[in-house]
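Participant: Structure provided below as structure tokens; questions to follow.
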Amino acid sequence: MAKDDEPAHARVERFVRENWTALAGFAWRGYKKQGRGGLLIHWTAVATWEAKQPVTLVPHYITYTEVSRFGHLIESYDPARAMVVAVVGADTETKDAPATNGAPAMKFIRADASFRAWVFDGDPPPPEAMASEGN
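One rule links them: number in our numbering = place in the sequence shown (from 1) + 114.
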């Protein structure tokens with residue numbers, strides 16, 4: 115990881131660790147429905163949480179982006195033990211790809227400088243986190 119990513123990584127890691135059970139449960143549900151992918155969170159949610167303001171967060175579960183690092187991460191993580199978390203800024207566009215043959219539409223995001231992605235693991239593992247959330 116580049117040194118300029120270290121402050122961003124630390125911010126996101128604090129957010130993920132404090133909200134692990136909910137995020138890991140959401141990631142596991144996404145994996146079971148759509149396969150390998152990661153949570154897409156907006157930087158404003160992290161900043162709002164850091165400011166101790168209420169945050170209602172329903173992250174997108176994405177399975178593809180043109181960012182090669184994200185592709186590598188989702189190919190190599192262990193979904194039963196970890197999750198991929200990507201964070202995007204205000205200047206990042208998301209768009210839906212058209213659904214085909216009744217399959218659900220996929221979310222695509224374009225690459226830009228505000229996109230960061232990491233793999234996090236923790237306890238409980240994602241399948242247990244989902245179960246403990248009552249979902």
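Glycine residues also receive a C-beta, built at the ideal position from the N, C-alpha and C atoms.
Since this is a predicted model, take the numbers as computed values, not measurements.
Quick check on the DSSP output: the alpha helix (DSSP H) that includes residue 160 runs from which residue to which?
Facilitator: Per DSSP, the unbroken alpha helix (DSSP H) holding residue 160 starts and ends at 157 to 164.
Participant: Considering only DSSP beta bridges, list what residue 175 is partnered with.
Facilitator: 153
Participant: Could you please give me the residues that DSSP links to residue 235 through a beta bridge?
Facilitator: 196
Participant: What's the call for residue 203, buried or exposed, on a 16-neighbour Cβ count within 10 Å?
Facilitator: exposed
Participant: What whole-angstrom Cβ distance do residue 196 and residue 229 have, given they're in contact under 8 Å?
Facilitator: Between residue 229 and residue 196 the Cβ distance is about 19 Å, and since that is not below 8 Å, they are no contact.
Participant: Going by DSSP, which residues form a beta bridge with residue 130?
Facilitator: Answer is none; residue 130 lacks a bridge partner.
Participant: Considering only the alpha carbon of each residue, which of 242, 139, 130 lies closest to residue 157?
Facilitator: 130
Participant: Based on Cα-Cα distance, which residue from 201, 167, 133, 183 lies nearest to residue 240?
Facilitator: 133
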